[in-house]
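In what follows, a structure is listed as C-alpha cells, so that the remarks can point back to it.
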Amino acid sequence: MLEGINKVGDLEWEVPIGYVPNMRVPGRFFLSPSLGETLEEGAIRQLANVATLPGIVKHSLAMPDIHWGYGFPIGGVAAFDMTEGVISPGGVGFDINCGVRLITTPLTEADLSGKKRELIESLFAAVPTGVGAKSTLRVSNKELSDIMVDGARWAVERGLGTSADLARCEEEGAMPGAQPETVSAKARQRGVPQIGTLGAGNHFLEVQVAREIVNPEVAKAFGISEGQVCFMVHCGSRGLGHQVATDHIRVLEGALSKYGIQLPDRQLACAPIDSPEGRAYYGAMVCAANYAWANRQVIMHEARKVFSQLFGIDYDEMRLIYDVAHNVAKFERHDVDGASMEVCVHRKGATRAFGPGAAGIPREYAAIGQPVIIPGSMGTSSYLLRGTSTAMEKTFGSTCHGAGRVLSRSKAKKEVRGRELREQLAGEGIVVRAHSDAALAEEAPEVYKPSGEVVRVVHEAGLSDIVVRLEPLGVIKG
DNA sequence: ATGTTC
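Note that the working numbering has the first sequence beginning at 2, numbered continuously upward.
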C-alpha cells in the first residue's frame, strides 16, 4: 500500500489529515491487497484534495473501483453540510446520472438457442448507438423541458413503459428541483436529437442470464431466479449532461474568488450549496439526471418491443427490477456523529446502497434494502446486490459502481485488437455487435479492474450483499 | 463519458 496510508480494517484504509495540506477530515477507502496493486497515487491524492473542500462531513470516501478522474476520483463519495458546504460538478462527473437498469424476461437460455444472433442484431437496429447517435423520436424544445422536469414519467406518459416501471427507479425516475432555465441553448441543442440513444464508451445494452443465485431469499423478493434471461441498460445523459457540466464548471470557476474558496486543484471548482451559482448548477444537474432516466426508459421500451416480437412474450412479462444512478449529487438525511442531518451527497462512479428501512426505496423492497446493480465490463459478469445498514453507517449509503479502468483508452487501442476480441468473445458464446471492431478494443475486459474482485470487496466490507451473478450472452455497444 | 482538443 502507498506510504502514509493507515489500515483501519480488513479492507478499509485511512488517508490521514495532513496527507495533503488543509484537509478538514480524513479520507477513507475500501480495497483488497490485489486491487491495491493497481491503485494510482494520483487517485488517492484526489481523495485527499476533496477533504479540503468547505463543509465536508465525516470522511472523503472512495469505493474499491477508485481511479483517477476529473478533480474528484471516480468511485468517490463526499457529503457536505447544507449551510457551510459546497456543490461541485467534479464530484458528479461529466456524464450526469450515468446509471444502470436491470429487467427480467420470462425466457431461459434454451429459449434463445439459434436466435441469439438475430436478437442482438434486432436490438442493434432498434437502439441507436455510438458517439453522436441520433434518436428516432422527434421532440420539440418544449418537450425537452418536459423531459428535464418529468424524467422517466415523460416517457411513460407517451406510452413508452408503465407506471409500475416508475416505482422501480431511484427517485421514481425524476428528481425534484429541475430548473430548465439553467440549461444552456447549446446543451438543449445537443439533447433534443439524442433522447433514447445509448452512446459509446462503456455504455451498453446487454442480454444476460442469472447464472448464480447467491442469496435465494432476496433474489425471490427482487423477482429473479436461476437461469432466467435478463437484460441490462447502462447509459447516461449523453451530450446534454456533458454540456451542462462544461457550462457550469466555467461559471463556478469564475465564482471561486467571490466566495473566498481556495482549491488545491481547479478541477474541484464548486460553490456554496445555497448560492446563486450552486443552486443553478444543482437545477441544471437535475435536468440532466432526469433526461438520463427518460433515456434509459425509452431504450428499455425499445428492447421490450424487440423481445416481444421475436419470442412472442407479453410486454408486461419483462419486469424492471430497478434503475440506479451512479453519477449524481443529492440532498439526503444521514446520521453524523449520532445526529441526523441533511447533507449534499456527491456520488461519482458510486451507487446508492440504502439498507432495509431507509427512506426513499420502493415499498416492495423496504424490508430487504434497495437493489444495487453493478455492470461488468464487456464479456464479464454483472452483479445484483442489495444495500445494507453498514453502508448507511460508513459510506452515506453508498457502494461501488463497476470495474474501474486500469488502462487508458489510447493504451487499450495499442494493446488490444478489436476483431480478435470479438472473435474470442464469440468463442465463449457471447455475441457482440458494435459499429466497428476498433471501438471494442477500448472496452476489452483486461483494461478494467476485475469486477468480481471489486464486488467481493464491497460484499466482504458489508457495504452491500451479493444477491445474483449474471453472465453476458450478447451485447450491443457504441 | 463527450459533435472523442471550442
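Built from N, CA and C at the ideal position, the CB exists for glycine as well. No experiment lies behind these values; they were computed from the predicted model shown.
Residue i versus the options, residue with shortest Cα-Cα distance
i: residue 480; options: 28, 2, 24; result: For the chain, the structure presents residues 2 to 479; residue 480 sits outside this window and is missing.
i: residue 386; options: 394, 395, 370; result: 370
i: residue 389; options: 109, 13, 463; result: 463
i: residue 396; options: 30, 377, 243, 6; result: 30
i: residue 47; options: 69, 146, 298; result: 69
i: residue 197; options: 145, 185, 338, 223; result: 145
i: residue 40; options: 14, 27, 324, 171; result: 14
i: residue 34; options: 474, 458, 475; result: 458
i: residue 236; options: 210, 206, 250; result: 206
i: residue 185; options: 132, 250, 477, 160; result: 250
i: residue 8; options: 337, 21, 22, 28; result: 28
i: residue 332; options: 18, 151, 245, 82; result: 82
i: residue 94; options: 105, 108, 76, 104; result: 76
i: residue 105; options: 366, 334, 380, 320; result: 320
i: residue 296; options: 71, 80, 157; result: 157
i: residue 259; options: 479, 272, 374, 61; result: 272
i: residue 67; options: 400, 429, 115, 433; result: 400
i: residue 114; options: 132, 431, 164; result: 431
i: residue 344; options: 44, 58, 38; result: 58
i: residue 446; options: 434, 203, 284, 265; result: 203
i: residue 96; options: 112, 302, 208, 330; result: 330
i: residue 147; options: 64, 112, 294; result: 294
i: residue 245; options: 163, 283, 266; result: 283
i: residue 16; options: 45, 428, 455; result: 45
Extent of the continuous beta strand (DSSP E) run through residue i
i: residue 328; result: 328-337
i: residue 209; result: 205-214
i: residue 475; result: 465-478
i: residue 235; result: 229-236
i: residue 267; result: Premise fails: residue 267 is in no beta strand (DSSP E) and is neither H nor E.
i: residue 433; result: 432-434
Own chain residues within Cβ distance below 7 Å of residue i, not counting five before or after
i: residue 1; result: The chain is shown from 2 up to 479; residue 1 falls before or after that span and cannot be answered.
i: residue 55; result: 85, 86, 87, 262
i: residue 1; result: Coverage of the chain is limited to positions 2 through 479, which leaves residue 1 absent and any answer about it impossible.
i: residue 211; result: 225, 226, 227, 228, 229, 231, 469, 471
i: residue 124; result: 206, 304, 307, 477
i: residue 12; result: 31, 32, 33, 458, 461, 462
The alpha helix (DSSP H) enclosing residue i, as first and last residue numbers
i: residue 283; result: 277-312
i: residue 391; result: 390-395
i: residue 223; result: 217-223
i: residue 516; result: Here the chain covers residues 2 to 479 and nothing more, so residue 516 does not appear.
i: residue 190; result: 186-192
i: residue 455; result: 452-461
i: residue 169; result: Run containing residue 169: none; DSSP gives neither H nor E here.
i: residue 254; result: 239-256
i: residue 157; result: 153-158
i: residue 12; result: Looking at the DSSP string, residue 12 is not in any alpha helix (DSSP H), and its letter there is neither H nor E.
Check: residue i C-beta below 6 Å from any heavy atom of the ligand NAD
i: residue 171; result: This structure does not include the ligand NAD; it has no bound ligands of any sort.
Contacting residues, own chain, Cβ-Cβ under 6 Å from residue i (five flanking each side not counted)
i: residue 241; result: 188, 191, 192, 289, 292
i: residue 221; result: none
i: residue 20; result: 5, 49
i: residue 61; result: 28, 48, 51, 52, 79
Sequence-distant residues of its chain with Cβ nearer than 8 Å to residue i (five each side left out)
i: residue 108; result: 229, 230, 308, 312, 314
i: residue 473; result: 207, 208, 209, 377, 379, 380, 381, 382, 383, 431
Starting from the N-terminal side, write out each stretch of the alpha helix (DSSP H) that is 4 residues or longer and does not extend beyond the segment 18-77. 34-37, 42-51
For the segment 437-450 and the segment 410-426, state whether three or more C-beta atom pairs, one from each stretch, are separated by less than 8 Å. Enough Cβ pairs lie closer than 8 Å, so yes.
Touch test, the segment 465-473 against the segment 215-225, Cβ-Cβ under 8 Å, three pairs minimum: yes
At a cut of 8 Å, does the segment 186-196 reach the segment 252-271 through at least three beta carbon pairs? no
Using 8 Å as the Cβ pair cut-off and three pairs as the minimum, do the segment 350-363 and the segment 131-142 touch? no
Assess contact between the segment 281-289 and the segment 177-189, defined as three or more Cβ pairs (one per stretch) separated by less than 8 Å. Is contact present? yes
Any chance the segment 269-283 sits against the segment 223-230, with 3 or more Cβ pairs inside 8 Å? no
List in chain order: all unbroken beta strand (DSSP E) runs of 3+ residues lying wholly within the segment 99-147. 100-109
Ordered list of beta strand (DSSP E) runs contained in the segment 361-429, each at least 3 residues: Secondary structure remark: continuous beta strand (DSSP E) runs of at least 3 residues inside the segment 361-429, in chain order: 372-375, 383-388.
Tell me whether the segment 405-413 and the segment 16-28 touch, counting them as touching only if at least three CB pairs, one residue from each stretch, are closer than 8 Å. no
Specify whether the segment 95-108 and the segment 321-331 touch according to this definition: at least 3 beta carbon pairs, one from each stretch, less than 8 Å apart. Enough Cβ pairs lie closer than 8 Å, so yes.
Should the segment 169-176 be called in touch with the segment 450-457, which here means at least 3 C-beta pairs below 8 Å? no
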